[in-house]
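Heads up: the structure comes next, in C-alpha cells.
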Amino acid sequence: MYVGRSSPAVSFAAASERPRRRIKVRTRRPPPEAPKLARIYADALPAPNVLARIYLYEWLVRFENVEALGWPAQRIDAVHCWDNFFVQQILQRIAVHLAGLTELSSGQPAAGFGRLIRALRRHAQDADAPAPWNAAHALLEHAAVPSCVLEEVDVALPLWRRPSKRAPEPEPLPSRRTRSMTRLVDAVASLDDEEMDVDTPSEGTRRSRRAEQLAVKKRNEDLRQRAERVLGTSLSHEDEAEEEEEAGKPMHLETKIACLVRLCDLLSTPRGTPASSGLHRLVQPLLDRLPTVEKETREHVAHVQSECETAMKALQKRAPSMVSPRYDAWQEERKALQVANEHAVQGAQAEQYLKLRRHAPRGGALGRDLDGNEYWHLCPIVPPHREWDVSVAGATSHFSGHWSQVLVIYGRSPGGELREDEGKAGGEGNSEAPSLPAEAEAQANGDAEERSADAPTDAPDATSGPVPHGFYGTADAAAVRTLRAYLHHRMERADLSDEAAATQSALLANLAQVQTYLAWAAAELA
1 MYVGRSSPAV SFAAASERPR RRIKVRTRRP PPEAPKLARI YADALPAPNV LARIYLYEWL
61 VRFENVEALG WPAQRIDAVH CWDNFFVQQI LQRIAVHLAG LTELSSGQPA AGFGRLIRAL
121 RRHAQDADAP APWNAAHALL EHAAVPSCVL EEVDVALPLW RRPSKRAPEP EPLPSRRTRS
181 MTRLVDAVAS LDDEEMDVDT PSEGTRRSRR AEQLAVKKRN EDLRQRAERV LGTSLSHEDE
241 AEEEEEAGKP MHLETKIACL VRLCDLLSTP RGTPASSGLH RLVQPLLDRL PTVEKETREH
301 VAHVQSECET AMKALQKRAP SMVSPRYDAW QEERKALQVA NEHAVQGAQA EQYLKLRRHA
361 PRGGALGRDL DGNEYWHLCP IVPPHREWDV SVAGATSHFS GHWSQVLVIY GRSPGGELRE
421 DEGKAGGEGN SEAPSLPAEA EAQANGDAEE RSADAPTDAP DATSGPVPHG FYGTADAAAV
481 RTLRAYLHHR MERADLSDEA AATQSALLAN LAQVQTYLAW AAAELA
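Just so you know, we're using UniProt numbering here: the sequence shown kicks off at 1 and counts up by one.
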C-alpha cells in the first residue's frame, strides 16, 4: 500500500468535516419611492401673487414686531387671506424704514419721503384711502427697482383685524427745508411783530423819520416777495400733488401687493455705499447677534440632551430584576421617559432651527431639487397650539390654511398628487417611516429582478396622468423623511458637479431640520 498519498475515502471524510463557506445572496432592494403630496392651494390667486405674499412674509418675520400690526399673530401665515387693512400696516412699516424714522407719528422723514409719510399720517386708520398708495407709486416712478405686475383677481377674505382705538389726527408735517429757507421763514414770521405802521405817515412826522419808515416797509415787501419766490412755488406744487392723490380711485389689493414688493426692493437698494441702504440697517443687528445665537442654541440643545441621558441612566440604575413583579411597571416608565426625552430634544432642536432662521442673513426657498421644484418652509411666527382657528379660507383635509406649518413645494409633486380622499390630513401622521404604497409594493415585488440598476425611478406613475404645476405640501414628518430618502437616492445616482452636489446636500440638510420641526409640532398639537 502506498503510504505517501491518502486514500480517496480519507480525503472525502476530511473535506466533509471542514466548515462550509456560506455564500451571501444579495437581494436587490427597490429604490425609494417619492411620496404623494397634496395640492394645498389651488384657489383664485395665481402663483405669482402667492409668491409675492410669501416674499413679504419673509420680510415681516425677520424685521418687524408682528404683535403691533393690528392682526392676529397666529394668522399672519395665512398669506392668501391678507386684506387691505393688513397690507396698509405693512406699507406703514416699510415707509417708516425708508424715511429713516422710528415711528410713523413723529419725526422728520428723509428727503423724498415727505409726501408718503404725510399721507400715511392723515389716513393711518383708513385702509381704503388712495392717497398713501398714490404717493408710494409716485415715489417708485423714478426708482431703479424691478417692475412687479400682478394679475388683479378678487377673492373672498375673512375679517380678522383687531378692534383698535382711533388714533388722534396728527399735526400736519412741515415740508423739508434747508437752513436758509428756515431762516427766511422765521424772518417773514417776525415781520408782524416788528413792523411799524407806515401806511399813513402823520403830517407832523419829520421828513427823515418818514423816509426811514418807508425804507423799512420796502425791505419788508422785498423779503416777502423773496419768500414767495423761494417757498411759495414748492409749497403750491406739493399741495396740488396731494390734492391729486386724495382724488384718486382706491387701488386693487393685488396692485398694492405689487407696490409693497417694489418698496421692499427699494429698501435694499443702496443710495451710495452698500451700508447706506435701509435694509442694511435692519440686517446688521441680526448679523451681529448671529454668532451669539448659534452658541446659545447649540449649548441649549447639548444641555437638554445631557439632562435626558442623565435621567435615563438614573432610571436604568433603578431597574428591577426581570422576575420582579415591578419589572412591567418599570418598563412602562422607561418607555414614557424615552418618549418624553425624544420630545424634549425635538423641542430644543426646533427652537434652535427657528432662532437661526430668524437671524439668517437672507431668507428665501430652502433649495431646488433636480427637477427645478422649489422647497419652502415659512418661518413660523408663533409656536403651534390647539387654539388655532384652522377654518380659514382655502383649508382642506390636507392643509389647515397656515403656510408656516407645512413643507411647501412649488412645482410638481415628485410622487404624484395626493387626492382629497387619500391618506390622512396633514399633521396627523406619526414620525415613523411610512410603508410603501400598495402599488409600489406590487411593482417592487413583481419587477424588482427585471428592473435594471440604471433604469430611471424618479417619474410618477404614468397611469395617474400628468401632475399639474402648483403648490404642494405636507405637515407629516414621515412624508418628509420619505422625500429626503428619495432625493438622496436621486442625488447619488446623478452625475452632478461639485457645486450642484453641494446645493442638493444643503437642501437635504434643510429638509432634515424641517422634519424635526414638523415632528415636534405634531406632538404639540396632539
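Beta carbons are placed, not taken as given, at the ideal position from N, Cα and C, and that holds for glycine.
Per the DSSP secondary-structure output, Trp403 pairs with nothing in a beta bridge. In this chain, the alpha helix (DSSP H) harbouring Glu332 covers Tyr327 to Arg358. In the displayed model, Val149 falls within coil according to three-state DSSP, outside both helix and strand. Pro72 and Glu151 do not touch by the CB rule: their CB atoms are close to 28 Å apart, not below 8 Å.
The three-state secondary structure of Ser208, taken from DSSP, is helix. Between the alpha carbons of Asn134 and Lys249 lies a gap of roughly 9 Å.
With contacts defined as CB atoms closer than 9 Å, Tyr472 and Arg39 qualify as a contacting pair. Residues Asn84, Phe85 and Gln88 of the same chain have their beta carbon placed closer than 7 Å to that of Ala127, with the five preceding and five following residues left out of the count.
Between Arg262 and Leu140, the alpha-carbon positions lie close to 8 Å from each other. When DSSP states are grouped into helix, strand and coil, Glu417 belongs to the strand group. Per the Cβ contact rule, the stretch 499-510 is in contact with the stretch 368-388 (3 or more Cβ pairs under 8 Å). With 16 or more other CB atoms across the displayed protein chains lying within 10 angstroms of its CB, Asn49 is buried. Per the C-alpha coordinates, the member of Ala502, Cys264 and Ala479 positioned closest to Glu33 is Ala479. A distance below 8 Å between beta-carbons, with the five flanking residues on each side excluded, links Leu157 to the following residues of its chain, in chain order: Cys81, Trp82, Asp83 and Ala393. In this chain, Phe86 is not harboured by any beta strand (DSSP E); it is covered by the alpha helix (DSSP H) spanning Asn84 to Leu98.
Nearest Cα to Leu356 within the set Glu499, Gly107, Lys295 and Ala119: Lys295. A distance of 9 Å or more separates the beta carbons of Glu58 and Gly401.
With contacts defined as CB atoms closer than 9 Å, Leu260 and Leu56 qualify as a contacting pair. Contact check between the stretch 285-292 and the stretch 333-351: fewer than three CB pairs, one atom from each, fall below 8 Å, which does not count as touching. Here Arg368 is bridged, per DSSP, to Glu374. Beyond the five residues adjoining it in sequence on each side, Ala521 comes within less than 6 Å, by CB distance, of Pro384 in the same chain, given in chain order. Looking only at Tyr353, Ala344, Ala340 and Leu286, the smallest Cα-Cα distance to His359 is reached by Leu286.
The C-alpha of Arg484 lies about 44 Å from the C-alpha of Met251.
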